[in-house]
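Trainee: Residue 404 in UniProt numbering sits at position 404 of the sequence shown, and the numbers go up by one each step.
Note that CB positions come from ideal geometry on N, CA and C, so glycine has one too.
The following block contains the structure, expressed as structure tokens.
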Amino acid sequence: MCGIVGYIGPRNLANVIMVGLERLEYRGYDSCGIAAVDGGLTIRKTAGRLQKLKELLAANPVTGNLGVGHTRWATHGKVTDENAHPFTGCYGRMALVHNGIIENYRELRQRLVAQGHRFVSETDTETIVHLIESHHKKDLVAAVRQAAAELVGSYAIAVVSADEPDRLIAMKVGSPLVIGHGESEYIVASDSQALVGIARRMLSLQDGDVAVVTRYTLQLTDLEGRSVERPFAAIDLKAKPVTKGRYPHFMRKEIYEQPAIISEGVKHRFVDRRVMLDPEFLLYPDEVEKVARVVIQACGTSYHAGLVGRYYFEKFCRIPVSVEISSELRTSEFIYDGDTLMVPISQSGETADTLAALREACARDIQSLAVLNTKRSSIDREADSSVYIHAGPEIGVASTKAYTAQLFTLLSLALYFARVRKAMPDDRFDEIVRHCRELPEQMRKALALDAKVKATAARLARAHDFIFLGRGINYPSALEGALKLKEVAYVHATGLPAGEMKHGPIALIAENVPVIGIAPRDSVYEKMVSNLAESKARKGLIIAVGTEGDKQLEEQADIVFPIPAAPEYLTPLLAAIPLQLFAYHAAVMRGCDVDKPRNLAKSVTVE
Numbered sequence: 001m002c003g004i005v006g007y008i009g010p011r012n013l014a015n016v017i018m019v020g021l022e023r024l025e026y027r028g029y030d031s032c033g034i035a036a037v038d039g040g041l042t043i044r045k046t047a048g049r050l051q052k053l054k055e056l057l058a059a060n061p062v063t064g065n066l067g068v069g070h071t072r073w074a075t076h077g078k079v080t081d082e083n084a085h086p087f088t089g090c091y092g093r094m095a096l097v098h099n100g101i102i103e104n105y106r107e108l109r110q111r112l113v114a115q116g117h118r119f120v121s122e123t124d125t126e127t128i129v130h131l132i133e134s135h136h137k138k139d140l141v142a143a144v145r146q147a148a149a150e151l152v153g154s155y156a157i158a159v160v161s162a163d164e165p166d167r168l169i170a171m172k173v174g175s176p177l178v179i180g181h182g183e184s185e186y187i188v189a190s191d192s193q194a195l196v197g198i199a200r201r202m203l204s205l206q207d208g209d210v211a212v213v214t215r216y217t218l219q220l221t222d223l224e225g226r227s228v229e230r231p232f233a234a235i236d237l238k239a240k241p242v243t244k245g246r247y248p249h250f251m252r253k254e255i256y257e258q259p260a261i262i263s264e265g266v267k268h269r270f271v272d273r274r275v276m277l278d279p280e281f282l283l284y285p286d287e288v289e290k291v292a293r294v295v296i297q298a299c300g301t302s303y304h305a306g307l308v309g310r311y312y313f314e315k316f317c318r319i320p321v322s323v324e325i326s327s328e329l330r331t332s333e334f335i336y337d338g339d340t341l342m343v344p345i346s347q348s349g350e351t352a353d354t355l356a357a358l359r360e361a362c363a364r365d366i367q368s369l370a371v372l373n374t375k376r377s378s379i380d381r382e383a384d385s386s387v388y389i390h391a392g393p394e395i396g397v398a399s400t401k402a403y404t405a406q407l408f409t410l411l412s413l414a415l416y417f418a419r420v421r422k423a424m425p426d427d428r429f430d431e432i433v434r435h436c437r438e439l440p441e442q443m444r445k446a447l448a449l450d451a452k453v454k455a456t457a458a459r460l461a462r463a464h465d466f467i468f469l470g471r472g473i474n475y476p477s478a479l480e481g482a483l484k485l486k487e488v489a490y491v492h493a494t495g496l497p498a499g500e501m502k503h504g505p506i507a508l509i510a511e512n513v514p515v516i517g518i519a520p521r522d523s524v525y526e527k528m529v530s531n532l533a534e535s536k537a538r539k540g541l542i543i544a545v546g547t548e549g550d551k552q553l554e555e556q557a558d559i560v561f562p563i564p565a566a567p568e569y570l571t572p573l574l575a576a577i578p579l580q581l582f583a584y585h586a587a588v589m590r591g592c593d594v595d596k597p598r599n600l601a602k603s604v605t606v607e
């Protein structure tokens, strides 16, 4: 959500921090700011995009080699200049940026106001800087630790002071924070994207870590002041900042990257009748054999991927699976035994609710296997094992390539389990792998629907309500299609199991209401066609995602997006493409910010 960048070193702080903040834009934000220690303390901040901050800095530059910057995603307080970070205390000598939520800020604020502190914003963040200021006598680090003892919540902070112009203090409790080391310089950031091209190596802070950073040194302690050590990892010096290239938007680029990602996955996952998993997969074969139940937990698009994953594990491994929304799982009784395997799914590896549910499971000695896109993330560190989807950085806030990469990774996991448990003979495995090898080219054919999808989006540009229908393994496809349209085009859409339509939602279908049905030739095809016929009888406008050459479906639907014929278990990966393209084109035609939709954050690091 919020993005933190702090810098100390030989370069102009504004140049480094602005580059870092630009690389964190994908996390989502509504305001931004920067603080510079330059003999005193200078702050520039504004509601709106980084371009406005650039204009402020062009008109009134800041100088110096120490400072902090921030992109804010509003949680407490409206989107205003006053609520933007960084914040200072009463004396204007200290600046702080923060990612997270302080749960007890109201009580702390009331106490601080009674002590004479003056607040200028509605945020919980401002409470932190005043609290530190109230404890600050001589040592800023001691004041930060004392403040931390009173804070309840999840947070990461970076603090600088005009009175201590040679060091930066950072602290993490719950929210992610990394530190990069370059040539006589350090950079602190919410994630590693901000470090590329600046730092040569990085470390991840753990909960309770307090970092004191100078140009040449890094000191790590816990909240009690005891020294701690965290390992540095090398940053790929060949890595380059991700750009749109020839595409107008990251979302479009990432939709088109999907065939190549799956092609690489097939090449590296399936070798000599074996499924090759990442080195971080640490389950022994006997542990795989003992798994009696799988609990998949995730949020948003990752949850939809998990619903498809349930199908894979139950069909190929004969293991019962439940799929839970992470925020709801946390409130459950966790009635699981020692043979349960929890599978958290998260693109970022920092999703707060997913991480919290994982911690609940770990506290009960439930084994965990994370499905992630980001190495060295919080979930990666805390899960017992990890498998990576290898989708590369996904910059568009609405997930596209990560979704299909999650589906392929879950399929690979299910096949691995099936082979270890001797639940799948060689000929069946060979058949599945053969179909997987055909999948990238089939996805490229699905991308060829782009022009037709665009024309359909133009035809439906004035529609305000959409109904997405799916059954079986493609019910999650309906959910995901509806979510994409809501996320990027700001259009109301509902994803439903088609069998539930007659139990109430059919009342919503009227003349020209768009009904998008996912109806490939699979085990529930006839029922899906019947549901679409019922919708058409009520004058709904029927758009179907179906198998190419399906004459019956063409007669029933007003518009068909034909996808190549494939086994049922691969149809969600193919159906995803026209649904993603439809949401993309609908958003562009409505003038929406496709890559950074309003109110959304790529990495949801607060609960």
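Which partner residues does Asp465 have in the DSSP bridge list?
Mentor: To locate residue 465, count along the sequence shown from 1; it is residue 465. Looking at the DSSP assignment, Asp465 forms a beta bridge with His492.
Trainee: Mind checking which residues open and close the beta strand (DSSP E) that includes Tyr186?
Mentor: As a first step, residue 186 must be located in the sequence shown, where it is residue number 186. Looking at the DSSP string, the run of the beta strand (DSSP E) that includes Tyr186 is Tyr186 to Ala189.
Trainee: Alpha helix (DSSP H) containing Phe561: first to last residue?
Mentor: By 1-based counting over the sequence shown, the position of residue 561 is 561. Unbroken run through Phe561 is the beta strand (DSSP E), Ile559 to Ile563; no alpha helix (DSSP H).
Trainee: If I follow the unbroken alpha helix (DSSP H) through Arg310, where does it start and stop?
Mentor: The residue given as residue 310 occupies position 310 in the sequence shown. Segment Gly300 to Cys317, the alpha helix (DSSP H) holding Arg310.
Trainee: Do Val371 and residue 637 have their beta-carbon atoms positioned less than 8 Å apart in this structure?
Mentor: Nothing about residue 637 can be reported from this structure: the residues present for the chain run from 1 to 607 only.
Trainee: Give the range of the beta strand (DSSP E) segment to which His70 is assigned.
Mentor: Taking the sequence shown and counting its residues from 1, the one referred to as residue 70 is at position 70. First-last of the beta strand (DSSP E) with His70: Leu66 to Arg72.
Trainee: Check whether the Cβ atoms of Lys158 and Ile4 sit closer than 8 Å, and answer yes or no.
Mentor: Numbered from 1 along the sequence shown, position 158 holds the residue referred to as residue 158. Numbered from 1 along the sequence shown, position 4 holds the residue referred to as residue 4. Going by the sequence as given, residue 158 is Ala instead of Lys. Cβ distance < 8 Å, so Ala158 and Ile4 count as in contact.
Trainee: Classify Glu487 as buried or exposed, calling it buried when 16 or more other Cβ atoms lie within 10 Å of its own Cβ.
Mentor: Along the sequence shown, one-based indexing puts residue 487 at 487. Buried, by the Cβ-count rule.
Trainee: Could you check if His464 is buried or exposed, using at least 16 other CB atoms within 10 Å of its CB as the buried criterion?
Mentor: Sequence index remark: in the sequence shown, residue 464 carries index 464 (1-based). Exposed: under 16 other Cβ atoms inside 10 Å.
Trainee: Counting only runs that start and end within the segment 197-256, where is the alpha helix (DSSP H) found for 4 or more residues in a row?
Mentor: 250-256
Trainee: Looking at Ala478: is its Cβ nearer than 8 Å to the Cβ of Ile518?
Mentor: For this step, residue 478 is matched to residue 478 along the sequence shown. For this step, residue 518 is matched to residue 518 along the sequence shown. A contact, by the Cβ cut-off of 8 Å.
Trainee: Starting from the Cα of Asp427, find the closest Cα among Glu555, Val529, Arg273 and Leu66 and give me that residue.
Mentor: Translated into positions along the sequence shown, residue 427 becomes position 427. Among Glu555, Val529, Arg273 and Leu66, the Cα nearest to that of Asp427 belongs to Arg273.
Trainee: By DSSP, does Tyr336 sit in helix, in strand, or in coil?
Mentor: Here residue 336 refers to the residue found at position 336 of the sequence shown. Reduced to three states, the DSSP call for Tyr336 is coil.
Trainee: Which residue comes first and which comes last in the alpha helix (DSSP H) that contains Thr80?
Mentor: Here residue 80 corresponds to residue number 80 of the sequence shown, with the count starting at 1. Careful: Thr80 lies outside any alpha helix (DSSP H) and carries neither H nor E.
Trainee: Which residues in the same chain as Leu56 place their Cβ atom closer than 7 Å to its Cβ, once the five residues preceding and following it in sequence are excluded?
Mentor: One-based indexing of the sequence shown puts residue 56 at position 56. Result list for Leu56: Arg44 and Thr46, in chain order.
Trainee: Determine the contact status of Tyr403 and Glu350, defining contact as a CB-CB distance below 8 Å.
Mentor: Indexing the sequence shown from 1 puts residue 403 at position 403. Indexing the sequence shown from 1 puts residue 350 at position 350. Not in contact: Tyr403 and Glu350 (Cβ atoms no closer than 8 Å).
Trainee: Could you tell me which of Val308, Glu324, Gln297 and Ala292 sits nearest to Asp339, measuring between CA atoms?
Mentor: Here residue 339 is taken as the residue at index 339 of the sequence shown, counted from 1. Checking every option, the nearest Cα to that of Asp339 belongs to Ala292.
Trainee: Give the single residue among Tyr26, Val173, Ser227 and Val160 whose Cα lies nearest to the Cα of Ile102.
Mentor: Residue mapping note: residue 102 aligns to position 102 of the sequence shown, counting from 1. If we check each option's Cα against that of Ile102, Val173 comes out closest.
Trainee: Please name the residue in Lys253, Ile8, Leu485 and Lys527 whose C-alpha comes closest to that of Glu500.
Mentor: Taking the first residue of the sequence shown as position 1, residue 500 is located at position 500. Ranking Lys253, Ile8, Leu485 and Lys527 by CA distance to the CA of Glu500 puts Lys527 first.
Trainee: Counting along the chain, where does the alpha helix (DSSP H) carrying Arg434 start and finish?
Mentor: Your numbering for residue 434 matches position 434 in the sequence shown. Its alpha helix (DSSP H) spans residues Asp426 to Leu447.
Trainee: Alpha carbon to alpha carbon, how far is Gln442 from Pro564?
Mentor: For the purposes of this step, residue 442 is taken as the residue at position 442 of the sequence shown. For the purposes of this step, residue 564 is taken as the residue at position 564 of the sequence shown. Those two C-alpha atoms are separated by around 6 Å.
Trainee: What's the call for Gly9, buried or exposed, on a 16-neighbour Cβ count within 10 Å?
Mentor: Residue mapping note: residue 9 aligns to position 9 of the sequence shown, counting from 1. Answer is buried; the Cβ neighbour count reaches 16.
Trainee: Between which residues of its own chain and Val120 is the CB-CB distance below 8 Å, once the five residues before and five after are set aside?
Mentor: As a first step, residue 120 is located in the sequence shown; it is residue number 120 there, counting from the start. Hits under 8 Å: Glu82 and Glu126.
Trainee: Quick check on the DSSP output: the beta strand (DSSP E) that includes Asp525 runs from which residue to which?
Mentor: On the sequence shown, position 525 is the one that residue 525 refers to. Here the sequence assigns Tyr to residue 525, which means Asp is not the residue at that position. That residue, Tyr525, is in no beta strand (DSSP E); its alpha helix (DSSP H) goes Tyr525 to Ala537.
Trainee: Sorted by chain position, which residues of the same chain lie with C-beta nearer than 7 Å to Val288's C-beta, five sequence neighbours on each side aside?
Mentor: Looking up residue 288 in the sequence shown gives position 288. Closer than 7 Å at the Cβ level, and outside the excluded window around Val288, lie Phe417, Val420 and Arg421.
Trainee: Quick test of the definition: if touching needs 3 or more C-beta pairs under 8 Å, does the segment 388-395 touch the segment 290-304?
Mentor: no
Trainee: Distance, Cα to Cα, Asn99 vs Gly28?
Mentor: Residue mapping note: residue 99 aligns to position 99 of the sequence shown, counting from 1. Residue mapping note: residue 28 aligns to position 28 of the sequence shown, counting from 1. Using only the alpha carbons, I get a separation of about 12 Å.
Trainee: For Leu329, which residues in the same chain have their Cβ closer than 7 Å to its Cβ, ignoring the five residues on either side in sequence?
Mentor: Along the sequence shown, read from residue 1 onward, the residue named residue 329 stands at position 329. Excluding positions up to five away in sequence, the list reads Gln297 and Ala357.
Trainee: Would you mind working out which of Ser368, Ala156, Ser161 and Glu122 sits nearest Lys138, comparing C-alpha positions?
Mentor: The residue labelled residue 138 in the question sits at position 138 within the sequence shown. Nearest option by C-alpha distance: Ser161.
Trainee: Can we say the segment 195-202 touches the segment 244-254, given the rule of at least three CB pairs closer than 8 Å?
Mentor: no
Trainee: Buried or exposed for Ser190, going by 16 or more other Cβ atoms inside 10 Å?
Mentor: In the sequence shown, residue 190 corresponds to position 190, counting from 1. So Ser190 counts as buried.
Trainee: Does the beta-carbon of Phe408, which I'm using as the reference point, lie nearer than 7 Å to any heavy atom of the ligand NAD?
Mentor: For the structure depicted, the ligand NAD is absent and the ligand set is empty, with no information on it obtainable.
Trainee: Find the nearest neighbour of Val271 within the set Tyr186, Arg49 and Phe429, judged by alpha-carbon distance.
Mentor: As a position in the sequence shown, residue 271 is number 271, starting the count at 1. Answer by Cα proximity: Phe429.
Trainee: Alpha carbon to alpha carbon, what distance is there between Lys454 and Asp365?
Mentor: By one-based count along the sequence shown, residue 365 stands at place 365. By one-based count along the sequence shown, residue 454 stands at place 454. One C-alpha to the other measures close to 50 Å.
Trainee: Alpha carbon to alpha carbon, how far is Gly20 from His70?
Mentor: Translated into the one-based positions of the sequence shown, residue 20 becomes position 20. Translated into the one-based positions of the sequence shown, residue 70 becomes position 70. About 9 Å.
Trainee: Can you round the beta-carbon distance between Ser523 and Gly472 to whole angstroms, since I take them to be within the 8 Å contact cut?
Mentor: Your numbering for residue 523 matches position 523 in the sequence shown. Your numbering for residue 472 matches position 472 in the sequence shown. Yes, Ser523 and Gly472 are in contact; Cβ-Cβ is about 7 Å, under 8 Å.
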